[in-house]
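Chains as they are written, first to last, in the UniProt record's numbering: chain A, 1 to 291; chain B, 1 to 544; chain C, 1 to 317.
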Amino acid sequence: MRPVWKENPSPGYQAIKALVLGGFALVIVIPILVVISTSLASDQDIIDAGGYVLWPSHPTIKAYQTLFSGGLMGRAILVSVFVTVVGTAIAVAVTIALAYATSRPVLFGRPVLLMVLFTLLFAPGIIPMFLVVKQLGLLDSLWSLILPGALGAFNFVVLRTFFMNVPGELLESARIDGASDFTILRRIVMPLSKAVIAVVGLFYAVGFWNAFFNALLYLNDTSKWPVQVILRTYVLQGKSLSADQLGVEPLPQPQSLQMAVVVVALVPIVLLYPFLQRHFTKGVITGAVKG
Amino acid sequence: MVSRRRFLQLGGAVVGAAVAGPTLAACGDGGTANGGAKASSDLALPTYKPFEGVRPDLAGAESGLEPGFLRFPSDATASVKAPPLKNAVTALTETFATPPPPMGSNPMWQSLNSALGAELRLTIGTDPGYPEKFATLLASDSLPDLMWLPPNQGIPNIGPMLEAKFQDLTTYLSGDAVLEYPNLAALKPASWRTAVVNGKIWGAPIPSTPFGQVMMGNPRTWQKVGGLQCSTADEFFAKCKELTNGTNYALEPAIINMLHMFGEWFGAPNGWRVNQDRSLTYLYETDNYKAAVEYAAKLWAAKVFYPDLNLADATPKTVNGQIAAQVTVGPRATADFRAMDPTLFVDTMIPFGHDGKAKPVYDMGYGTVGFTPFKKTDEGRIRELLALMDYLSAPFGTKEYLQKNFGVEGQQYQLDGQKNPVLTKAGTQQGPGLVSALQIMTAPESVIFNPAFPEDTKKIYATEQKLLEHAMRNPTAGTYSDTSSKVGPKLTAAFRDTIVDIVTGRQTLDAYDEALKRWKNGGGDKMRDEFAAVLPSSVPVTGS
Amino acid sequence: MLKRASSTTRVKSGLPFAVKWRRDWQMVLLMIPGVLFLLVFFYLPVLGNVVAFQDFQPYLGIMHSEWNGLQNFVNLYDNPDFWDALRNTLVLAAVQLLLFFPVPIGLALIVDSLVSNRVRRWFQTIAYLPHFLSWVLVVTLFQQSLGGAGFLNNLLRQAGLDPIPFMTNPDTFPLLVVAQLIWKDAGWAMIIFLAALTTVDVSLYEAAAADGAGRWRRLWHITLPSLRTVIVLLLILRIGDILSVGFEQFILQRDSVGPGAAEVLDTFTYYAGVVGGDWSSGAAAGLAKGVVGALLLWGANSLAHRLGEPGIFQRRS
Numbered sequence: 001m002r003p004v005w006k007e008n009p010s011p012g013y014q015a016i017k018a019l020v021l022g023g024f025a026l027v028i029v030i031p032i033l034v035v036i037s038t039s040l041a042s043d044q045d046i047i048d049a050g051g052y053v054l055w056p057s058h059p060t061i062k063a064y065q066t067l068f069s070g071g072l073m074g075r076a077i078l079v080s081v082f083v084t085v086v087g088t089a090i091a092v093a094v095t096i097a098l099a100y101a102t103s104r105p106v107l108f109g110r111p112v113l114l115m116v117l118f119t120l121l122f123a124p125g126i127i128p129m130f131l132v133v134k135q136l137g138l139l140d141s142l143w144s145l146i147l148p149g150a151l152g153a154f155n156f157v158v159l160r161t162f163f164m165n166v167p168g169e170l171l172e173s174a175r176i177d178g179a180s181d182f183t184i185l186r187r188i189v190m191p192l193s194k195a196v197i198a199v200v201g202l203f204y205a206v207g208f209w210n211a212f213f214n215a216l217l218y219l220n221d222t223s224k225w226p227v228q229v230i231l232r233t234y235v236l237q238g239k240s241l242s243a244d245q246l247g248v249e250p251l252p253q254p255q256s257l258q259m260a261v262v263v264v265a266l267v268p269i270v271l272l273y274p275f276l277q278r279h280f281t282k283g284v285i286t287g288a289v290k291g
Numbered sequence: 001m002v003s004r005r006r007f008l009q010l011g012g013a014v015v016g017a018a019v020a021g022p023t024l025a026a027c028g029d030g031g032t033a034n035g036g037a038k039a040s041s042d043l044a045l046p047t048y049k050p051f052e053g054v055r056p057d058l059a060g061a062e063s064g065l066e067p068g069f070l071r072f073p074s075d076a077t078a079s080v081k082a083p084p085l086k087n088a089v090t091a092l093t094e095t096f097a098t099p100p101p102p103m104g105s106n107p108m109w110q111s112l113n114s115a116l117g118a119e120l121r122l123t124i125g126t127d128p129g130y131p132e133k134f135a136t137l138l139a140s141d142s143l144p145d146l147m148w149l150p151p152n153q154g155i156p157n158i159g160p161m162l163e164a165k166f167q168d169l170t171t172y173l174s175g176d177a178v179l180e181y182p183n184l185a186a187l188k189p190a191s192w193r194t195a196v197v198n199g200k201i202w203g204a205p206i207p208s209t210p211f212g213q214v215m216m217g218n219p220r221t222w223q224k225v226g227g228l229q230c231s232t233a234d235e236f237f238a239k240c241k242e243l244t245n246g247t248n249y250a251l252e253p254a255i256i257n258m259l260h261m262f263g264e265w266f267g268a269p270n271g272w273r274v275n276q277d278r279s280l281t282y283l284y285e286t287d288n289y290k291a292a293v294e295y296a297a298k299l300w301a302a303k304v305f306y307p308d309l310n311l312a313d314a315t316p317k318t319v320n321g322q323i324a325a326q327v328t329v330g331p332r333a334t335a336d337f338r339a340m341d342p343t344l345f346v347d348t349m350i351p352f353g354h355d356g357k358a359k360p361v362y363d364m365g366y367g368t369v370g371f372t373p374f375k376k377t378d379e380g381r382i383r384e385l386l387a388l389m390d391y392l393s394a395p396f397g398t399k400e401y402l403q404k405n406f407g408v409e410g411q412q413y414q415l416d417g418q419k420n421p422v423l424t425k426a427g428t429q430q431g432p433g434l435v436s437a438l439q440i441m442t443a444p445e446s447v448i449f450n451p452a453f454p455e456d457t458k459k460i461y462a463t464e465q466k467l468l469e470h471a472m473r474n475p476t477a478g479t480y481s482d483t484s485s486k487v488g489p490k491l492t493a494a495f496r497d498t499i500v501d502i503v504t505g506r507q508t509l510d511a512y513d514e515a516l517k518r519w520k521n522g523g524g525d526k527m528r529d530e531f532a533a534v535l536p537s538s539v540p541v542t543g544s
Numbered sequence: 001m002l003k004r005a006s007s008t009t010r011v012k013s014g015l016p017f018a019v020k021w022r023r024d025w026q027m028v029l030l031m032i033p034g035v036l037f038l039l040v041f042f043y044l045p046v047l048g049n050v051v052a053f054q055d056f057q058p059y060l061g062i063m064h065s066e067w068n069g070l071q072n073f074v075n076l077y078d079n080p081d082f083w084d085a086l087r088n089t090l091v092l093a094a095v096q097l098l099l100f101f102p103v104p105i106g107l108a109l110i111v112d113s114l115v116s117n118r119v120r121r122w123f124q125t126i127a128y129l130p131h132f133l134s135w136v137l138v139v140t141l142f143q144q145s146l147g148g149a150g151f152l153n154n155l156l157r158q159a160g161l162d163p164i165p166f167m168t169n170p171d172t173f174p175l176l177v178v179a180q181l182i183w184k185d186a187g188w189a190m191i192i193f194l195a196a197l198t199t200v201d202v203s204l205y206e207a208a209a210a211d212g213a214g215r216w217r218r219l220w221h222i223t224l225p226s227l228r229t230v231i232v233l234l235l236i237l238r239i240g241d242i243l244s245v246g247f248e249q250f251i252l253q254r255d256s257v258g259p260g261a262a263e264v265l266d267t268f269t270y271y272a273g274v275v276g277g278d279w280s281s282g283a284a285a286g287l288a289k290g291v292v293g294a295l296l297l298w299g300a301n302s303l304a305h306r307l308g309e310p311g312i313f314q315r316r317s
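(1) Less than 6 Å between C-beta atoms, sequence neighbours within five positions excluded: which residues of the same chain meet that for G212 (chain B)?
(2) Between C:F73, C:V40 and C:Y43, which lies nearest to Q54 (chain C) when the distance is taken from Cα to Cα?
(3) Write down every uninterrupted run of the alpha helix (DSSP H) in the region 304 to 380 of chain B whose length is 4 residues or greater and which is fully enclosed by it, in chain order.
(4) Looking at the structure shown, is L21 (chain A) part of a helix, part of a strand, or coil, going by DSSP?
(5) Mark D525 (chain B) as exposed unless 16 or more other C-beta atoms lie within 10 angstroms of its C-beta, in which case mark it buried.
(6) Is G433 (chain B) near A91 (chain B), with beta carbons less than 8 Å apart?
(7) Could I get the ranges of all uninterrupted alpha helix (DSSP H) runs contained in the region 84 to 122 of chain B, with 4 residues as the minimum, in chain order?
(8) Hey, out of C:M167, C:H131 and C:P45, whose CA is closest to S145 (chain C)'s CA?
(9) Is the region 172 to 189 of chain A close to the region 253 to 273 of chain C, with three or more CB pairs under 8 Å?
(10) Please return the same chain residues whose Cβ sits closer than 7 Å to the Cβ of F268 (chain C), not counting the five positions on each side in sequence.
(11) For C27 (chain B), does the count of other Cβ atoms within 10 angstroms reach 16, so buried, or fall short, so exposed?
(12) Could you spell out where the alpha helix (DSSP H) holding Y128 (chain C) opens and where it closes?
(13) List, in chain order, every chain C residue whose beta-carbon is nearer than 7 Å to that of G152 (chain A).
(14) Give the DSSP bridge partners of L251 (chain B), in chain order.
(15) What are the boundary residues of the alpha helix (DSSP H) that T76 (chain A) is part of?
(16) Pull the bridge partners of G449 (chain B) from the DSSP assignment, please.
(17) When the cut-off is 8 Å and only beta carbons count, does M527 (chain B) lie next to chain C?
(18) What does the Cβ neighbour count give for S538 (chain B), buried or exposed, with the cut at 16 atoms within 10 Å?
(19) Closer than 8 Å, CB to CB, is V229 (chain A) near chain B or not?
(20) Are T398 (chain B) and S79 (chain B) closer than 8 Å when you measure CB to CB?
(21) Whole-angstrom Cβ separation of Q277 (chain A) and R121 (chain C), contact assumed at under 8 Å?
(22) Rounded to whole angstroms, what is the Cα-Cα separation between I32 (chain C) and L120 (chain A)?
(23) With a cut-off of 8 Å on the beta carbons, I'd call L283 (chain B) and G271 (chain B) a contact; round off their distance for me.
(24) Run through the DSSP bridge pairs and tell me what R273 (chain B) is partnered with.
(25) Name the residues in the region 123 to 148 of chain A whose C-beta lies less than 8 Å from a C-beta of chain C; which are they?
(26) Pick out whichever of B:L415, B:V346, B:T428 and B:A471 has its Cα sitting closest to the Cα of G227 (chain B).
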């Protein structure tokens, strides 16, 4: 619904807006369509097109059947979902706590803030990180994928900035009413920052979902590997078998497998987005501030 | 997409190159980390005793010619007397297929374990990440019993590393000592050189095809211009121009690989040239290679290369005719095209003299994919691990080979009409990841075998014979240069940048000498001296 | 419009520790989990960067590898290719800042002005998709459409025109890179601005409209100021990270435009150090980048303060 105060748009303005958004969407949709089409293309389609297919004339789900045969993928999806859900929950909680605690001038606030900012600039090496994970006994445990990613400096800085934007009067009056810092965080700051918390949660979730390198280094047990690691290896299948190794059933073309891999990695995380969008409604703050 | 190339590269030529892959850049030319200053002369390589249990349909030869099998030997013999293991063994390896279901839910793996006598616990790395995984395990001092050591993959200073952490196996393998492990004795001396560093043997080598890169073309495309095979560079140039029109192009845009082919026609050496006075000249220093660069630039200017240098995989385009010719890992790669189009058998170009008179060369490949050293341990354990390597290196046609590659009949494989083993559905799920991981850490000498297309085996065999007429091996293979191992890959990468610039017209040919000077000063000269100092007397002077 | 947190409410510097502690102990408690994570998973392993001053060998470990002082840094400094790569990096970063950075803001503003919720949702979901495609795929897709044998150039050829070398021209490479970046990440980067826009008080628009402020004046006086803090913040973060313009995107296209245009610091470091397992050179390059980043971050932050913005790190009040 158009708010009453908003004037009706001029046709010219309307057209420019439609052109920009429509053009942008089109430029994205067509390549994505190529990805999906290729994943569903038959061998013949791929050879005819010399690789990528705009529209499969003989659609087949062979590539997806190959991905999900063998039972490895089902387990990997569970692992990834677990790591993503638990990891995001922990990371968001830790980040909220730290961002709130440093968003006001309090004891130890500045040194701790500096500590976090430092992580923006330098990175620990692979080997020392491995040694730490090993010393903590986290090798071959899913926690090795979760704990090292529990605090991202970028997310922290963003969240903290939004927390600093919460009106001071609001907090002050709550304090006068005798509210503790915990209560203020839970009752005032967090509800006012729902949208940005959703965004930070999304950033973390995407990070956990896409991560694969730590799994390669820290997990020896292939049954604990997340989806991304498995998916990466499918790209090689077929080419890696010698001629005498080929089985009864021919494997799908590498192109369709690769694109099926892209689709499988994409779908779960894309499904997440609409749930977050609902926090992006305007005017949340209005009621709270005035009420 | 990047990864596949690295896999192909592992089995590929030493001089061969990659265009796009980060990991690939690590495969430098001279960086073979084997041999050693005093190595080659003092050490007695393991005695070579070929396996006599099966008779190939087409006989192999010492020259590198691979034996051909038209079908799988009907009564597989056992090559090992008893199960090799009493205790579980851990190993770090890499898979180039989808990782296998874990041991607990993988009947094929379990059946291998019972055949071995104890559990074989594999830590399976994937690409990318293997060199990092290797380094972290090394640094954390939690080494598994066996660790596959890939050649030229970003693991430097192999000599001191082996001395510090791994077991010297010389006394167990040198000379006749190896005869205790017949399948290891069936590995060729050329393969064993890979596993020799500082004059000591550090593990069993992993043979792969000894053939290097070749150019392959779709005969349906080339038939219009009288076939792929040419006898002069000018003829090739003319054919390429004729084949290029509209959206069809003559050549795959892998410039360095193509240049490798052209170099062979122009008589450029495989890595190094051994001069009459036994001094060495590097590939880049020869006029032959420079001429090949100039020729490639001419082809590029004629727009016969497919115009997108980033093309990940030319195979489908070669199959459908959009690209006429591409470079593959070796003569057996015909199977890659068959896999896409069962009616297509691609032609392989036999190198020819650029002017129809000069002597061409054919660069043989590295021939192995590294070796697998053992963690330092006691004699009993060493013998147990050697027995395991012996089992896993069982030659084509043996019971152990079947068990390792195909599992159990009726479960992971069945016999087709010609009595060839083919994987069942269960086999294709349990097998490839496991087999790939096992093959990369242990392997017998390679054979030609295309069960579905026995005719291909004959044709490939014939191609290999023709290639061998021009065969040249890298004279420094099996020797070691510290500088090459340290800065070789870096220098090669820098020089190749300039070459690609020249070929694609971003720089003129004048830049060649400047880049060569940088290569020499940056370590090339030092490399030459180091290699020349350890050049084995058995290496012949390079003919020209 | 919201006011920024008032810093006057609590701090009276000079209060005794015990008083501060009694006042702030809950806040300190909230810091503990985060600080613990940082100590264990960042500060402990980051000490491993001392290998930048060593000739580090994994089989020897940090304890037994040889120290070589500043040699790794000297090697970096002495290499003319390093300076070329630095120049390319700065040029690309500047072009990115100029041409990429404003795009998500513009998109967010347009999306925010949409009335239909359906259109908003659809557009956001679509715009966010490409972020999840790998660079390999993005480059491939660009090649399929703009490459020498790509869709557009084939059309041009059919029309009898000369193909345009979008993907291989070193001079226009920065523009290509930015176009790829916009395609892949503009929709993703838009999200954070959308979140910031939710904090705008709708009643302000209402009041402004009642006062006769038109669309553009409302945009200028209400919407943009409310995004200002976030924009400045992201700008500072980007400037602090200016020496990283991406690795994969460049290494994938390095051959097609040549290292003269596509060699950036990260690819240089890769070829000069990481190829061949040179861990020390890699660490040295990382440290050097971090120091430069720290200076830039500090500079950008101070500038933000001059402009009256909080930035990412506040001066003591």
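From the three backbone atoms N, C-alpha and C, an ideal C-beta is built for every residue, glycine too.
Straight from the coordinates:
(1) By 1-based counting over the second sequence, the position of residue 212 (chain B) is 212. Here G212 (chain B) has A13, D363, M364 and G365 as same chain residues with Cβ atoms under 6 Å from its own Cβ, once five neighbours each way along the sequence are excluded.
(2) Start at 1 with the first residue of the third sequence, and residue 54 (chain C) comes out as number 54. Of C:F73, C:V40 and C:Y43, the residue nearest in Cα terms is C:F73.
(3) Listed in chain order, the complete alpha helix (DSSP H) runs (minimum 4 residues) inside the region 304 to 380 of chain B are 315 to 320 and 334 to 340.
(4) Taking the first sequence and counting its residues from 1, one reaches residue 21 (chain A) at position 21. L21 (chain A) falls in the helix class under three-state DSSP.
(5) As a first step, residue 525 (chain B) is located in the second sequence; it is residue number 525 there, counting from the start. It is exposed - the Cβ of D525 (chain B) has fewer than 16 other Cβ atoms within 10 Å.
(6) Counting from 1 along the second sequence, the entry for residue 433 (chain B) is found at position 433. Counting from 1 along the second sequence, the entry for residue 91 (chain B) is found at position 91. The answer is no: Cβ separation not under 8 Å.
(7) Complete alpha helix (DSSP H) runs here, min 4: 107 to 116.
(8) Translated into positions along the third sequence, residue 145 (chain C) becomes position 145. Answer by Cα proximity: C:M167.
(9) For the pair of segments examined, the region 172 to 189 of chain A was found not to touch the region 253 to 273 of chain C: the number of CB pairs separated by less than 8 Å stays below three.
(10) Here residue 268 (chain C) refers to the residue found at position 268 when the third sequence is read from its first residue. Excluding five sequence positions before and after F268 (chain C), the CB atoms of its chain that fall closer than 7 Å to its own CB belong to D81, F82 and A85, given in chain order.
(11) Here the question's residue 27 (chain B) lines up with position 27 in the second sequence. A caution first: C27 (chain B) carries a pLDDT of 33, below 50, which makes its placement in the model too unreliable to give a value.
(12) Indexing the third sequence from 1 puts residue 128 (chain C) at position 128. That run of the alpha helix (DSSP H) goes N117 to Y128.
(13) The residue labelled residue 152 (chain A) in the question sits at position 152 within the first sequence. For G152 (chain A), none of the residues of chain C pass the 7 Å Cβ criterion, the least Cβ distance being about 10 Å.
(14) Against the second sequence, residue 251 (chain B) aligns to sequence position 251. Answer by DSSP bridge pairing, in chain order: B:F305 and B:A325.
(15) Along the first sequence, one-based indexing puts residue 76 (chain A) at 76. A small correction: the amino acid at residue 76 (chain A) is Ala; Thr does not occupy that position in the sequence shown. L72 to A101 is the extent of the alpha helix (DSSP H) around A76 (chain A).
(16) Taking the first residue of the second sequence as position 1, residue 449 (chain B) is located at position 449. Contrary to the premise, residue 449 (chain B) reads as Phe rather than Gly in this sequence. Note: F449 (chain B) sits in a beta bridge opposite B:F69.
(17) On the second sequence, residue 527 (chain B) is found 527 positions in, with the first residue counted as 1. So, not an interface residue.
(18) Stepping through the second sequence from its first residue, residue 538 (chain B) is reached at position 538. Exposed, because fewer than 16 other Cβ atoms sit within 10 Å of the Cβ of S538 (chain B).
(19) Within the first sequence, numbered from 1, the residue matching residue 229 (chain A) stands at position 229. Yes, V229 (chain A) lies at the interface with chain B (some Cβ there is under 8 Å from its Cβ).
(20) One-based indexing of the second sequence puts residue 398 (chain B) at position 398. One-based indexing of the second sequence puts residue 79 (chain B) at position 79. Going by C-beta atoms, T398 (chain B) is nearer than 8 Å to S79 (chain B).
(21) Position 277 of the first sequence, counted from the start, is the residue given in the question as residue 277 (chain A). Position 121 of the third sequence, counted from the start, is the residue given in the question as residue 121 (chain C). The beta-carbon separation of Q277 (chain A) and R121 (chain C), rounded to 6 Å, stays under the 8 Å limit for a contact.
(22) If you number the third sequence from 1, residue 32 (chain C) lands on position 32. If you number the first sequence from 1, residue 120 (chain A) lands on position 120. Each residue's alpha carbon lies about 20 Å from the other.
(23) Position 283 of the second sequence, counted from the first residue, corresponds to residue 283 (chain B). Position 271 of the second sequence, counted from the first residue, corresponds to residue 271 (chain B). That pair is a contact at about 6 Å.
(24) Looking up residue 273 (chain B) in the second sequence gives position 273. DSSP output for R273 (chain B) lists B:T281 as bridge partner(s).
(25) Residues passing the 8 Å Cβ filter: A123, P124, G125, I127, P128, M129, L131, V132, L136, L147 and P148.
(26) Counting from one through the second sequence, the residue named residue 227 (chain B) turns up at place 227. Checking every option, the nearest Cα to that of G227 (chain B) belongs to B:V346.
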